[in-house]
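Presented below is the structure to which this report refers.
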Amino acid sequence: MKKLISLKEVEGCHEEGTTSIFVDSQTIITPAAKDLAEEYHIEFIERACPDVEKLGGVGSFSKEALVVLLKQFLAETGNQPYEASYHKSGLKIVKGTTVKLQPIEGDESLKSQEIVHAKEHGLTANLLSLENTCYSESSGQESVNYILTGTVELTISGERLVAYQGDTIFIPKGTKTDWLVKGIASVLSTKVKERAVNEASNWND
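Residue numbers (the UniProt record's numbering): 1 to 205.
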């Protein structure tokens with residue numbers, strides 16, 4: 001029977017610390033899985049196909065099973081939040097025009113999409129879209145926010161500050177900030193992942 005390797009399998013290998021995945025001529029690897037494996041430096045190693053005749057050969061791979069595989073493949077490739085190019089060194093280029101922003105808690109006026117993951121690079125980067133909205137944020141991490149477009153009004157401890165397109169906002173850890181956007185603004189927000197030892201220290205403070 002043919003084996004399908006998708007994002008789920010690659011993620012699982014990465015979490016387990018596995019650096020190689022054995023495949024054969026009967027293995028189907030989705031494009032997204034290949035890209036993620038390259039990003040995680042996971043190698044696909046070819047080996048002889050295990051006794052195809054004993055397994056019933058290709059003929060045992062039913063039309064229904066093919067349909068299931070095709071649906072899974074289309075769902076995986078069609079629901080990607082963005083297109084990106086990867087290099088084995090870890091370099092990643094996210095195609096900005098392809099990023100699909102998702103509403104935060106169903107609020108269409110506040111959308112976000114993570115484009116760099118903490119487990120990959122020790123930091124997170126999110127693209128934010130804000131339209132005629134206000135919200136409060138109190139993060140346990142320091143953040144750097146670059147205003148791509150629009151204007152953002154910030155209120156900290158009762159003091160009002162304004163950031164314009166091209167401005168960079170640094171927010172210290174634990175600072176409560178009220179954000180207000182009149183019109184439309186887009187922001188690139190990055191946060192550094194803290195080490196577990198620092199997190200434990202913070203709990204003890």
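Where a beta carbon is used, it is the ideal one built from N, C-alpha and C, also for glycine.
Take the Cβ of residue i as the centre, count every other Cβ of all protein chains shown within 10 Å, and call the residue buried at 16 or more, exposed below.
i	result
N132	exposed
L91	exposed
V187	buried
E39	buried
S6	buried
S143	buried
T149	exposed
T19	exposed
T98	exposed
S189	buried
Tell me the DSSP secondary structure of residue i in three-state form.
i	result
D167	coil
L36	helix
E83	coil
L91	coil
K111	strand
S20	strand
residue 208	With the chain represented from 1 up to 205, any question about residue 208 goes unanswered, as that position is not in the structure.
P31	helix
T98	helix
T177	strand
S60	Since pLDDT at S60 reaches only 47, below the 50 mark, its modelled position is unreliable, and no value is offered.
Once you ignore the five residues that flank residue i on each side, which residues in its own chain have a CB closer than 6 angstroms to its CB?
i	result
residue 208	This structure leaves residue 208 out entirely; the chain is present only between 1 and 205.
P103	K111
S138	K176
V10	A33, L36 and A37
T27	K3
Measuring only between beta-carbons, confirm whether residue i sits less than 8 angstroms from chain B.
i	result
K92	No chain B appears in this structure, which consists of one protein chain only.
Taking C-alpha atoms, which residue in the options lies nearest to residue i?
i	options	result
C13	T30, I28 and H41	H41
D178	S189, P103, L161 and I184	L161
S25	A84, K3 and I115	K3
State yes or no: is the C-beta of residue i within less than 8 angstroms of the C-beta of residue j?
i	j	result
L101	S129	yes
T168	I156	no
A163	I147	yes
V192	Q141	yes
I171	N145	yes
E159	L180	no
Among residues of its own chain, excluding the 5 on either side of residue i, which ones have a beta-carbon nearer than 8 angstroms to its beta-carbon?
i	result
H117	T124
T151	V162, A163, Y164, Q165, V181, K182, G183 and A185
C134	D178, W179, L180 and V181
K173	S139, G140, Q141 and E142
Beta-carbon within less than 7 angstroms of residue i's beta-carbon, same chain only, minus the 5 sequence neighbours each way: which residues are those?
i	result
K88	E38 and H41
V94	Y82, A84 and I115
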